[in-house]
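Residue numbers (the numbering used here): 1 to 359. Notes to accompany the following structure.
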Amino acid sequence: MTSVTPKFLRAFVFPSSDIPMVLIMSKVTSVTLKVLRTSTVHIYYIIIFVLGMSAIALAPPAIASLSLFRPCMPPILTSMIYLECKSWSDHGHTGIMFRLGISILTGYTWTLATATAVVAVVVFLLYPVEVKLINLQVLKQYILQEDGLSYSGVAKYRTLQLLSTLHNLTFQPPAMIILVGAVIVCESAALYILITSANIVPIPVLILFVLVALELLFVIAVPFKIMAIPYVDSAALLETLKRKAKSKLIKKFAKSCPPSKLSLGDGKFVARATSLVIMNHTVELLVTLMLIDDFGRPFNEMLCFCCTTLESLMRREFYHQQYGDDKDNVDRKVIRAQFAIANTSVFDDSDQIHEPILI
1 MTSVTPKFLR
11 AFVFPSSDIP
21 MVLIMSKVTS
31 VTLKVLRTST
41 VHIYYIIIFV
51 LGMSAIALAP
61 PAIASLSLFR
71 PCMPPILTSM
81 IYLECKSWSD
91 HGHTGIMFRL
101 GISILTGYTW
111 TLATATAVVA
121 VVVFLLYPVE
131 VKLINLQVLK
141 QYILQEDGLS
151 YSGVAKYRTL
161 QLLSTLHNLT
171 FQPPAMIILV
181 GAVIVCESAA
191 LYILITSANI
201 VPIPVLILFV
211 LVALELLFVI
221 AVPFKIMAIP
231 YVDSAALLET
241 LKRKAKSKLI
251 KKFAKSCPPS
261 KLSLGDGKFV
271 ARATSLVIMN
281 HTVELLVTLM
291 LIDDFGRPFN
301 EMLCFCCTTL
311 ESLMRREFYH
321 QQYGDDKDNV
331 DRKVIRAQFA
341 IANTSVFDDS
351 DQIHEPILI
C-alpha cells in the first residue's frame with residue numbers, strides 16, 4: 001500500500017492487527033441502530049443465539065461431571081495422566097480432592113473454549129451477516145417503492161460494501177481456513193468414532209460424540225448457508241437496480257458495485273453450494289479414514305453413495321447459480337462438462353462468477 005493511504009487504513013495491511021475486529025463491531029452497531037428502526041432480526045438468528053448460549057451453559061458442566069466421576073474415561077484430561085486405571089469406569093485410585101480440582105480446571109477450560117467458539121461464530125461471523133441482510137431488506141424496499149431512483153438513496157449500498165470489507169478483514173487468512181478445516185476434521189473424526197467404535201465406547205462418551213457430530217452438522221448445514229444469502233440477495237438486487245434505473249449514472253454505479261461476498265481465505269467465497277462442498281470434503285476424509293481401517297470396508301458402498309449424492313447436489317447448485325431457472329435452453333451434458341472443469345474454481349473470488357463459463 002502506498003504512502004498516500006490514510007493512517008486509519010494502514011492497519012488493515014497487517015494480519016496481526018485487531019483494528020478490523022473493533023471496526024466491524026463499531027460499524028455493525030451503528031448500522032444496526034439505524035436500520036432496526038424499520039426492520040426486525042430474523043428468527044433463525046435468535047434460535048442460533050439461544051443454541052449457542054445453551055452450549056456454553058450445558059457443555060462445561062457435563063464435561064466437568066465426567067472428569068469428577070469418570071477420571072479414566074477418554075477424552076477427559078485425567079485419562080491422559082498416568083493413573084492406575086483398570087477400566088474406563090475406574091477412579092484410578094485418586095482422591096476426591098484431586099478429582100474435584102481437575103474437574104474445576106476441566107470445566108473452566110471447556111467454558112473458555114466453548115465461549116470462544118460461540119462468540120466467534122455467533123457474534124463475529126453471523127451477526128454482521130444478519131446486519132447485511134437487514135440492510136439489503138431496507139434497500140430492496142427502497143428500490144421497489146421508488147419509481148425515480150435517486151443517487152443519494154442508491155449510494156446507501158456503499159454501507160453494505162463497507163460492512164463486507166470489514167467482515168473479510170476480520171476473518172482474513174488464515175482465520176476462515178482454520179475454521180472450515182477444524183469443522184471438517186472434527187466432524188469426520190466424530191463420525192468415524194461413531195461408526196467404528198459405537199459398541200466399544202461407554203454410553204456417556206457415545207452421547208458426547210453424537211452431540212459433537214450433530215452440532216457440527218448443524219454448523220455446516222445452517223450457518224454456512226446463511227452466510228451465502230447476502231451474496232445471492234445482493235447480486236439479485238444489483239440486477240434489479242440495473243433494469244429499473246432510468247439514469248445512466250445510477251446504471252454505471254450499479255455496474256461498479258460488486259455483490260457482497262464473504263471470503264473463505266483461499267481465493268474463493270461463501271456461495272450457495274459451500275455447505276455441500278464442506279460436507280463433501282467431510283465425507284471424503286471419512287472415506288479415507290474408513291479405508292485405512294478394515295472395519296470400514298462394509299460401509300464403502302454407502303459412503304460412495306453419499307459422495308455421489310453430494311456431487312449431484314453440488315452440480316444442481318452450480319447449474320442454478322450459472323443459469324438460474326432457464327432449464328429448457330441449456331444442454332445437461334454441457335453442464336456436466338462445465339462442472340467437471342470448474343468444480344475447483346466455481347466459487348473463485350471474482351465479480352463475474354455469475355457469468356456462464358464457456359468451454
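Beta carbons are placed, not taken as given, at the ideal position from N, Cα and C, and that holds for glycine.
- Comparing alpha-carbon positions, which option in W110, T240 and I46 lies nearest L66? W110
Counting C-beta neighbours from all protein chains within 10 Å, is the total for E187 16 or more, i.e. buried, or is it exposed?
buried
*Near M176, what residues of its chain come up, given a Cβ to Cβ distance below 6 Å and the 5 sequence neighbours on each side ignored?*
L264 and G265
Are there 16 or more other CB atoms within 10 angstroms of the CB of H93, so buried, or fewer, so exposed? exposed
Q) Which same chain residues, not among the five before or five after N369, have their C-beta less than 8 Å away from its C-beta? A) The displayed coordinates of the chain run from 1 to 359. Any statement about residue 369 would go beyond what the structure contains.
Please identify the residue among L125, R99, L51 and T282 whose C-alpha is closest to the C-alpha of M227.
L125
Where the alpha helix (DSSP H) through N199 begins and ends:
No alpha helix (DSSP H) holds N199; DSSP gives it neither H nor E.
- Query: Is the Cβ-Cβ distance between P74 and R99 less than 7 Å?
  - Reply: no
Original post:
Within the chosen definition, does the region 217-224 reach the region 237-251 through at least 3 CB pairs nearer than 8 Å?
Top reply: no
Between which two residues does the alpha helix (DSSP H) harbouring W110 extend? I96 to V118
query: According to DSSP, what are the bridge partners of F269?
result: S263
**Message:** Quick check on DSSP: helix, strand or coil for V222?
**Reply:** coil
Per-residue DSSP class, three states only, for S164:
helix
Checklist entry - Span of the alpha helix (DSSP H) holding D233? => result I229 to K244
**Request:** Taking only the alpha-carbon atoms, compute the straight-line gap between F8 and N168 and give it to the nearest angstrom.
**Result:** Because the pLDDT at F8 is just 37, under 50, the model does not fix this residue reliably, and the value given afterwards should be weighed accordingly. The alpha-carbon atoms of F8 and N168 are separated by roughly 17 Å.
Assigned exposure category for I63 - 16 Cβ within 10 Å defines buried: buried
Practice task
Report the rounded CA-to-CA distance for A213 versus L191, giving the unit in angstroms.
Solution key: 6 Å
Would you grab the beta carbon distance between K362 and K255 for me? Rounded to a whole angstrom, and I think it's under 8 Å.
An answer regarding residue 362 cannot be provided, because it is not within the stretch 1 to 359 covered by the chain.
Checklist entry - How far does the alpha helix (DSSP H) with G92 in it reach, from first residue to last? => result Neither: G92 is in no alpha helix (DSSP H) and is coded neither H nor E.
Length of the line joining the Cα atoms of I102 and P60: 13 Å
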